[in-house]
Each structure stands twice: as C-alpha cells, then as structure tokens.
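Structure, as structure tokens:
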Amino acid sequence: MQRHDFLAATASVAALATMGASPAATAATIVRREVSEFSRDAAAVASLRKAVRLMRDNKTDTDPLSWNYWWYIHYLPKRTMVVPPELAGVWDACLHHQNYFYAWHRGYMYYFEKALQTVAGDPTLALPYWDYFKNPRIPDIYAQPKLADGSDNSLYDDSRGLTLGQSLQGIDQFRNAFAPEVKTFPARSPKWEGIYEGEVDHGFHDDVHDQVGGHMGSQRESAVDPIFYAHHCQIDRLWTAWELADAGRSMPRDYTKFWTRTFAYSSRKAPVKWALSIQQMDDPNVLGVTYADTTLPKPPPRTAVPPRPPVVRPAVAPNALQNGELAATGGIALGPKSASLSIPVSAAARGQLKKYAAQADSPAEVVLEGVQLTPRGSKGGYSYHVFVNLPPQTGTTANARQYFIGAIGSFGISIGAHGHDDMPSGTDLRFALSSALRAQAAAKALDGDHVTLSFVLRGNPKNVPANTPLVKIARVHIDGLGPH
Ligand SMILES: [Cu+2]
C-alpha cells in the first residue's frame with residue numbers, strides 16, 4: 065500500500081466514525097449561504113477549494129473521501145464499469161425524471177458535505193448554493209481557471225460551455241414552478257406538469273445542467289464538476305422554501321409510505337451506515353442543516369416572450385386529424401440557432417384543436433419522437449426553450465404558460481434514453497399543451513391555419529459552425545386531440 069493510500073484509508077476510518085454518527089447527534093447547525101455571500105468569506109472559500117483538491121488527489125475511488133466516490137454514487141462514467149458488490153445500490157443510484165428525485169439528492173448533498181468537512185478539517189464548512197434566479201451569471205469562484213497566485217482553481221472545470229462572466233439565459237421562464245397553483249409535492253412519473261418536484265426536475269434543474277454544459281450537460285458526467293453541488297444545493301434549498309411558503313402547498317400525509325423510504329450512501333462494509341429516511345431528511349433538527357435564505361422565488365408579474373424564429377420547414381397541404389393525432393410533415397435538425405417548425409392544420413382539425421384546448425386538464429401534448437444528440441450536441445452548453453404559436457415580435461406576457469411548454473437539452477435527452485447513450489432510435493419527449501392552448505383559445509389566438517412550434521436557442525454553444533446539427537428530432541406530432 066502506498067503512503068498516500070494508507071493515509072486515505074486511515075482517514076476514512078476516522079471519518080466513518082464521525083460522519084456516521086447518527087444525524088440526531090449532530091449538534092451544530094450548518095448554514096448554507098448563497099455563493100455570492102459565501103465568496104466574500106475567504107476562509108470558507110479556501111476550505112472548500114482545499115477539500116475539493118484533496119478529494120480529487122485521492123485516487124481510491126471506493127474511499128468516501130475521494131472525489132470519484134461521490135461522482136460514481138450519482139452515475140457511472142461508463143456503462144461497462146462494474147460496481148463493487150458492497151456498493152451495489154449505492155453507486156449509480158441517482159434518480160431523475162422519476163419519483164424521489166428530491167429525496168435521493170438531499171441525502172446525497174448531506175453526506176457529501178460531511179465528506180468535505182472531514183477532508184478540509186473544517187466542521188463549519190457548508191455547501192454554497194447558486195441562486196441563479198437572483199444571479200444568473202456563473203459564480204466567479206467556480207469560473208476563474210486560475211487563482212491569484214497562479215495555481216489551478218479546484219472549483220473550475222474546463223469542459224463547460226458557460227464561462228467566466230457569462231449568464232444563464234431565459235431562466236425566468238421556469239419560475240412558474242413557484243406559482244401558488246402548484247400545490248402537490250411528489251412526482252408521480254410519467255406525469256410531472258403542475259407537480260412541484262416534477263416541475264423543478266424537468267424545468268430549471270435540467271436547463272441549468274444543459275446551459276452550463278460540458279460534464280454538467282451529461283447525466284453520466286455531471287457530478288464530476290464542482291458546480292454540480294452548488295446547483296443541487298440550490299435545488300435542495302427550494303424544497304425547504306416551498307414547504308415554508310405553505311399557502312396550501314402540501315407534502316404527503318404523515319402516515320404514507322413516502323416518509324419511510326430510505327436511501328443509503330455508504331458501502332455495506334462500512335462500520336456505520338449512512339442512510340436517511342425521508343422523514344429524517346425533512347426535519348432540520350435531525351439534519352442540523354439550514355439555509356441563509358428560505359424565501360420561495362415568485363413567478364415574475366410579466367415574462368419576456370422571444371420573437372418567433374424563422375420557420376425552417378416550409379408548409380405543405382393542411383394536415384387532417386387522425387385518431388386524435390396531428391402530425392407534422394417531418395422532423396427537424398436543430399443547430400446553433402433558433403428555429404420554428406410549422407404544422408399545417410386543416411379546418412376540421414382546427415375545430416378539434418380549439419375544442420380540446422378549452423378543456424381543463426386536456427391530455428393534449430406535443431410529442432418529439434426519436435430525439436437524438438449529435439456528437440457535438442452531447443457536449444452541451446445550450447438548450448432549446450420550446451414555445452407554441454409565438455407571436456412574430458418580441459413582447460411580454462402575464463401568463464408564463466401562454467407560449468412556453470418546456471425545454472430540451474443534452475441532460476434530459478440522455479435521461480430519456482435511460483442511460484443507453486448509444487440508443488440508435490433516440491428517445492421520445494412529451495410536453496403538455498393544455499395550459500398554452502387554453503390561454504391562446506381565451507385570447508382568440510388559435511384561428512391560424514398552422515400550429516408553430518419554436519425552438520429558441522439558449523446558452524453558449526461555442527465554436528459551432530452554422531450548419532452543424534446539435535439535436536435531431538425524427539418526427540413531431542400533437543397528441544390527445546380526440547378519441548383514439
Ligand atoms: Cu442534477
């Protein structure tokens with residue numbers, strides 16, 4: 065055994081003893097701060113940088129004080145990689161676009177933070193959160209490649225598309241997750257619209273992954289980038305904030321099985337188990353963790369509406385409705401600029417569209433079939449915000465759901481493929497249309513002979529030549545417009 069490994073192994077044993085202490089025994093309260101405030105605390109920044117650097121230097125992947133241990137807990141870098149038997153169900157365990165997204169990641173942040181504290185030798189070290197609704201610019205402490213003394217910044221990752229001084233774009237589009245109508249917490253996949261956990265997961269959670277790009281834009285690789293943890297700490301904070309905002313927002317009832325579901329983050333061989341039930345996770349007195357700011361963001365009174373991008377696929381004869389389905393004439397390849405797709409609608413189909421649009425909870429949805437990333441597209445650094453029937457000129461709307469139906473990018477497409485990143489036929493992505501169609505029917509804006517789907521480019525896909533496709537969509541259709 066090398067000296068380095070020996071030190072790592074002994075440190076782990078000591079760490080297991082302290083980190084494994086039952087959560088109830090944690091006396092001190094850790095206050096997680098916004099990254100701009102955290103950045104002004106030089107000692108805290110130094111502590112975080114030191115912990116990340118030492119964890120990266122530790123090459124024993126099965127050691128919980130190594131960087132890769134936490135990366136692999138989230139997802140394995142390669143599909144062919146074998147999980148050590150004692151870590152089965154612990155590594156490769158992240159939950160996205162399904163139930164328990166929130167809970168699994170909360171336990172993950174909790175024990176990761178304990179590992180940082182142990183490695184830094186600083187029990188007061190708290191994860192910072194990046195509140196991009198207030199500060200959409202990438203935080204400097206993560207974006208500077210070098211420190212003032214010329215040494216490498218351990219919080220920097222050179223694969224990112226979003227670099228020093230750049231900001232996330234159009235992030236306010238997702239603030240509807242905080243609307244008072246969104247009252248139920250747990251996602252029940254596949255339905256996610258109007259449910260808090262699902263709105264967060266499919267909405268700005270994925271979009272921040274996509275726009276940061278590089279490792280962050282890939283489900284397999286995202287947790288290797290230190291900014292991943294500042295993003296997920298913000299996601300976690302917004303769970304706490306949502307519960308405190310109350311006003312009829314509700315978690316599952318006390319007696320439901322939801323609360324006893326438990327997630328583990330340590331090896332079966334570990335002397336003390338790191339595991340938390342959702343009941344424990346939801347009790348700040350048990351965790352000893354709190355946030356400097358627990359205010360839930362509000363949807364803005366008016367949201368910017370981008371102008372309709374040019375239609376790249378010219379219309380052909382109006383399409384009729386078949387079995388409640390309205391098909392586009394083909395697919396679309398999306399490159400480094402915004403584009404629209406126009407679906408011609410026959411008079412009969414238009415009547416049906418308006419009739420179904422007016423219903424609350426109508427099952428109408430846009431289906432993007434066979435969505436695939438090109439090799440350049442899989443590097444991320446961009447997303448497309450998807451809109452229906454955008455007006456030609458830029459404007460604002462009081463109803464953020466009047467045109468906006470969701471977003472697509474490399475992170476969500478790779479989840480859609482269930483980790484089979486070589487899936488030849490791609491994945492299907494679905495977006496509920498009922499809110500947009502209802503708002504447009506009310507505004508008498510559904511009388512056109514086309515439905516236009518727009519893909520508005522966000523982010524900074526660097527050095528991509530004009531005609532390089534990033535995402536290919538094999539076929540588009542609108543479903544749920546009548547009986548099948
Ligand atoms: Cu994530």
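So for the sequence shown, our numbering puts the first residue at 65; every next one is plus one.
By construction, the Cβ of each residue, glycine as well, lies at the ideal position given by its N, Cα and C atoms.
Judged by DSSP secondary structure, Tyr448 falls within the beta strand (DSSP E) whose first and last residues are Tyr446 to Val452. When DSSP states are grouped into helix, strand and coil, Ile202 belongs to the coil group.
One thing to note: Val452 has its Cβ within 9 Å of the Cβ of Ser518.
Between the alpha carbons of Ile477 and His279 lies a distance of about 14 Å. Ranked by Cα distance from Ser410, the first of Glu389, Ser215, Gly394 and Ala384 is Ala384.
In the three-state reduction of the DSSP assignment, Ser100 falls in the helix class, which pools H, G and I. Around the beta-carbon of Tyr319, fewer than 16 other beta-carbon atoms lie within 10 Å, marking it exposed. By the C-beta density criterion, Thr460 is exposed, having fewer than 16 other C-beta atoms within 10 angstroms. With distances taken between CA atoms, Asp274 lies nearest to Ile479 out of Ile479, His514 and Ala496. With fewer than 16 other Cβ atoms from the protein chains shown falling within 10 Å of its own Cβ, Asp105 counts as exposed. According to DSSP, residue pairing for Arg252 in a beta bridge involves Lys255. Shown here for Leu219: same chain residues with a beta carbon closer than 8 Å to its own, the five before and five after excluded, namely Leu112, Arg113, Val116, Ile205, Tyr206, Pro290 and Ile291 in chain order. If the five residues before and after Asn531 are omitted, its C-beta is found closer than 7 Å to the C-beta atoms of Gly399, all from its own chain and listed in chain order. At a Cβ-Cβ threshold of 9 Å, Val520 and Pro373 count as neighbours. Cβ-Cβ distances below 6 Å link Ala251 to Asn163, Ile259, Glu261 and Gly262 in the same chain, with the five nearest sequence neighbours on each side left out; the list follows chain order. Pro141 is a Cβ neighbour of Glu285, given a cutoff of 9 Å. In this structure Val369 touches Pro455 by the C-beta definition: roughly 7 Å separates them, less than 8 Å. Excluding five sequence positions before and after Trp303, the CB atoms of its chain that fall closer than 6 Å to its own CB belong to Tyr166, given in chain order. Ile342 has its Cβ no nearer than 8 Å to any heavy atom of ligand 1. Judged by DSSP secondary structure, Arg366 falls outside any alpha helix (DSSP H); it is assigned neither H nor E. Distances from the CA of Gln283 to each of Thr358, Trp168, Ala184 and Cys158 were compared; the closest alpha carbon is that of Cys158.
Per DSSP, Pro348 is one residue of the alpha helix (DSSP H) stretching across Pro348 to Leu351.
Within the model, the alpha-carbon separation for Asn240 versus Thr324 is close to 30 Å.
At a cut-off of 8 Å, the beta-carbon of His273 counts as near ligand 1: some heavy atom of the ligand is closer than that.
Gly459 is bridged by DSSP to Val369.
Beta-bridge pairing by DSSP links His541 to Ala391 and Val431. At the C-beta level, Gly281 and Arg522 stay beyond 9 Å of one another. Distance from the CA atom of Glu98 to the CA atom of Val353, rounded to whole angstroms, is 14 Å.
Annotation: the continuous beta strand (DSSP E) that includes Asp492 extends over Thr491 to Ala496. In the three-state reduction of the DSSP assignment, Ser218 falls in the coil class. By the neighbour-count criterion, in which a residue is buried when 16 or more other Cβ atoms sit within 10 angstroms of its Cβ, Ala107 is exposed. Of the candidates Pro200, Asn199, Ile202 and Asp222, the residue whose Cα lies closest to the Cα of Lys210 is Asp222. At least 9 Å separates the beta-carbon of Ile542 from that of Ala397.
Nearest to Arg96 by C-alpha distance, out of Val109, Arg143, Ala190 and Ala403, is Ala190. Placement of the Cβ of Phe292 at a distance of less than 8 Å from at least one heavy atom of ligand 1 is found. Between Gly444 and Gly229, the C-beta spacing is not below 9 Å.
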